[in-house]
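Residues in the sequence shown are numbered consecutively from 2, following this note's numbering.
Just so you know, even glycine gets a beta-carbon here, dropped at the ideal spot from N, CA and C.
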Amino acid sequence: MSDSLLISLFEALRGWLAAAGHPVRGLATAVSVLLLAVLLPGRAQAQILDDSTQNRYGARTTFILQERDLLREDTVGRMIDTTLTRLPQSRYWTYDTTFQQDLGNFGTASRPLLWEPNRQLGARLGRNVFDKYARDAADVKYYDTRSPYTFFRFHQGNPYEQIFEFSYARSLKKRFNAGFDYERFGSNKAVAVTNTKTGLAEHSNFLFFVRYQSLNDRYRAMANFSTARHTVAEQGPIVPQPAQLDTLPDGTIYPDLSLLFNYQRETVSLTQARNRDSRDRVRLLHSYRLLGRGLTAFHIFDWSRQLNKYTDTELLLPSGERNPFYPELRLSTAATDDRAEFRQWENTVGLMGNSKTVEYRLYARQRYYSLATRVAFGEPAVLQDSLGDRSGSQLFLGGTAAFRYRQYAIETAGEIKPDLQDPTQTEYWLRGRAVLDFLSAELLLTSVSPTLTEQQFEGNHYAWNKSFSNTQVQQLRVRAARQLGRHYLEAVGTGANIANYIYYSIDPNSQTDRVHMARSGPFQQGETFRLVTLMGRYRLNVGHLFFDNQATYTYGAGADNPALRIPKLVGESRLYYQGSVFRNALFGQVGVQGYFQSRWKAYDYSPSTQQFFVQDHFTIRNTPVVDVFLSADIKTVSIFFKMAYVNQFLPQNGYFATPYYAALPRRLQFGLRWQFFN
């Protein structure tokens, strides 16, 4: 590609982005300048090479390394992903690819839908509804490139969703690699708005990363710095209007849910509420080989900051009465401004070793943390400290050990935070895993303390101060996976005993029959309950036709469980045809994918506390969602087109993702991924 053609391309891209609307409109000029400034020098250098450049540099000469590779003495890494399979799947557009319950739109609060035990010990803030959109510094990708590597992607779900990401990495010989990544994504309102280009969520993230290894290969280092800003306009649930209500013969009035999918013409609970989640993090991992691969010393430094802020400047209705969405206005009737800032410093030191059959790692970690909370008081609202600063120091000890021989392996891992004052509150997680060919079994034991938010909270609408015991889990998981010719079969069975489970729920002393949110807070389930999950996956290909199915069945987390709610059945299926055309110049896929979850009493959401909580007044129906997609790969460019929720109106006009939060209607989605290797 010549420089003149490259300039023309980016001029067209700038015009495209400028016309795209919120939230990328303001980035158009900056993006074009940035792309030209970074890529043109690389293009000029590439002209010196001969015609074999295209063959010399590509996906097979660009490798990804992560922290877990360095901790296993892996200096090769993996080739970058150029496949099309996940490109049009929305749950792979963010950093948590598990099935999630959200508020029906991209960028809104979300939580994992299926069961996974917690293995995070010690002091934690406990506000995780925006974790899906934030990078984990321990999972940042570092590169080993023979030539400059540039990555660009743009997704547009007209008119609601938009994603823009640009990254660049470059090596100085093989010893040093540095790069950066900038992403910006957002979504527009679909409910209770006159213009569908009105912003709902906006996220920006800048990441700088660097990797180094010495000439003698004994010293290695990986470091990254990231800063993320996430802002969401909280609309609250849809408020049924008189024309959308029905009356039973006994006089009971209830909303007709089928009439609540008018989207732009609906009425919502909140108009001026916003949640802001700001995160900054610095992480460094470096190691030094003392005695070859058998004994290596390592150190990890990790500093992070998370600020959560909820504001609402319209707490009263035009009549002067309190907005019924809030149970009370405790501290101010003028405005809500609840803030919590959590800071954490960690230093981890340890030893590790690795060979073809044996691997081990031992470490000690010291954590310092602080939490400052502030709330607006009075009229006019004035920000003041509410609970005082909470801080402390914690020590963790942990390690891993593994033995592998051919198709047999035994792996153990664990971590403990001792409590010398009260041994019953000692936290730990212990995991043992055995592998024999296609069979594996894993035993997990955990004892985890409540989060800081679960223990104490004070805001304009809610307040609590509670003491909880550690949540304890004993879990056994068995997995079998086998490729049999054209068939791939996988089955996973999990059984868990869960004691002292902490959850958010409606206060028993408040009105439990209200349509909207009542007072909520954390509670602890004193009785032990059992959970059983069965996951099955079947994949088949016949020639160019591929059929991929996955389903998870959960028993023990239905409406009769007051603490944990999970749909009994969650499944996903894909049927697509793939092949090459135009003498292998274009590789493409065309197909249909479907998602299904059975009816369940989904969690409700409290925006001011940023928590999902158990409710019993709303049941979400069986939800099939079908998408039709077309994706193609032309050398280094991948694109897709998808009609999402093509089955809208079959059988109903929409569906709810969370009680009274309508999911997005049918829409056309487009995506572009472009990778430059020189």
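Which residue comes first and which comes last in the beta strand (DSSP E) that contains residue i?
i, result
"Leu201", "200-214"
"Glu184", "177-189"
"Glu416", "409-418"
"Thr553", "546-556"
"Arg405", "391-406"
"Asn221", "Correcting the residue identity first, residue 221 is Arg in this sequence and not Asn. Looking at the DSSP string, the run of the beta strand (DSSP E) that includes Arg221 is 220-235."
"Thr374", "359-378"
"Glu342", "337-355"
"Glu162", "162-173"
"Thr151", "150-159"
"Leu453", "First-last for Leu453: 453-456, but that is the alpha helix (DSSP H), not the beta strand (DSSP E)."
"Ser288", "274-290"
"Lys310", "297-313"
"Ala442", "440-449"
"Lys643", "638-645"
"Ala124", "It is not in any beta strand (DSSP E) - Ala124 carries neither H nor E in the DSSP assignment."
"Trp675", "668-677"
"Gly105", "Where Gly105 is concerned, there is no enclosing beta strand (DSSP E), given that its DSSP letter is neither H nor E."
CA-CA distance, residue i and residue j?
i, j, result
"Leu41", "Ala170", "Interpretation of Leu41 is limited by its pLDDT of 40, a score under 50 that renders its predicted location unreliable; the figure taken from the coordinates is listed afterwards. Going by the C-alpha atoms only, they are around 14 Å apart."
"Tyr661", "Ile301", "45 Å"
"Asp313", "Tyr183", "30 Å"
"Thr620", "Ser609", "23 Å"
"Gln670", "Val77", "36 Å"
"Glu342", "Lys357", "45 Å"
"Lys174", "Ala224", "18 Å"
"Phe611", "Asp103", "One detail in the question is off: residue 611 reads as Gln in this sequence, not Phe. Answer to the nearest angstrom: the Cα atoms are 12 Å apart."
"Lys190", "Val543", "42 Å"
"Arg73", "Arg61", "22 Å"
"Gly27", "Leu384", "Note on Gly27: pLDDT 41, under 50, position unreliable in the model; no value is reported."
"Val240", "Leu316", "16 Å"
"Arg323", "Gly522", "21 Å"
"Lys198", "Val593", "28 Å"
"Leu66", "Phe210", "12 Å"
"Lys133", "Gly127", "14 Å"
"Phe530", "Asn498", "6 Å"
"Phe186", "Asp281", "18 Å"
"His287", "Ala135", "23 Å"
"Val493", "Lys602", "25 Å"
"Ser172", "Leu261", "55 Å"
"Asp514", "Ser506", "Per-residue confidence for Asp514 stands at a pLDDT of 41, beneath the threshold of 50, marking its modelled position as unreliable; the derived number appears in the next sentence. Computed Cα separation, rounded: 13 Å."
"Thr109", "Pro381", "30 Å"
"Tyr289", "Val283", "21 Å"
"Glu528", "Arg147", "58 Å"
"Val269", "Pro256", "14 Å"
"Gln526", "Gly379", "36 Å"
"Thr553", "Thr534", "7 Å"
"Glu455", "Lys467", "7 Å"
"Lys310", "Phe131", "12 Å"
"Arg622", "Phe650", "14 Å"
"Asp137", "Asn648", "35 Å"
"Gln1", "Asn119", "Since the first residue of the chain shown is 2 and the last is 679, residue 1 is not available in this structure."
Out of the options, point me to the one whose CA is closest to residue i's CA.
i, options, result
"Tyr604", "Phe207, Asn189, Gln90, Tyr504", "Tyr504"
"Arg538", "Glu491, Gly187, Asp218", "Glu491"
"His231", "His204, Tyr220, Pro241, Arg219", "His204"
"Leu421", "Gly127, Arg362, Glu412, Gln395", "Gln395"
"Tyr370", "Gly351, Leu576, Arg306", "Arg306"
"Asn585", "Val233, His618, Ile635", "Ile635"
"Phe469", "Arg128, Ala500, Glu412", "Ala500"
"Trp375", "Arg368, Asp386, Tyr409", "Before going on, a small fix: residue 375 reads as Arg here, not Trp. Closest option to Arg375, Cα to Cα, is Asp386."
"Phe64", "Gly200, Glu117, Arg212, Ala135", "Arg212"
"Asp70", "Val130, Val141, Gly108", "Val141"
"Ile164", "Met353, Tyr93, Pro666", "Tyr93"
"Gly393", "Asp338, Asp628, Ala373", "Ala373"
"Asn196", "Pro160, Pro89, Arg340", "Pro160"
"Leu208", "Gly559, Phe167, Phe107, Thr248", "Phe167"
"Gly237", "Asn648, Ala658, Tyr364", "Ala658"
In the DSSP assignment, the alpha helix (DSSP H) including residue i goes from what residue to what residue?
i, result
"Ser247", "According to the sequence shown, residue 247 is Asp rather than Ser. From DSSP, Asp247 is part of no alpha helix (DSSP H) but of the beta strand (DSSP E) over 246-248."
"Leu71", "68-71"
Measuring only from the beta carbon, is residue i closer than 7 Å to any heavy atom that is part of the ligand SAM?
i, result
"Arg407", "The ligand SAM is not part of this structure, which contains no ligands at all."
Which complete alpha helix (DSSP H) runs does the stretch 582-610 hold, if anything under 4 residues is left out? none
_Three-pair Cβ contact test at 8 Å for the stretch 286-301 versus the stretch 328-337_ = no
Take every Cβ of the stretch 437-453, pair it with every Cβ of the stretch 122-136, and state whether three or more of those distances are shorter than 8 Å.
yes
For the pair the stretch 556-574 and the stretch 109-119, tell me if three or more CB-CB distances fall below 8 Å.
yes
- [ ] Just list the beta strand (DSSP E) runs in the stretch 469-514, keeping only unbroken ones of 3 residues or longer that don't cross its boundaries, in chain order.
- [x] 472-485, 488-500, 502-507
Checklist entry - Quick check: the stretch 671-678 against the stretch 153-160, are there 3 or more CB pairs under 8 Å? => result yes
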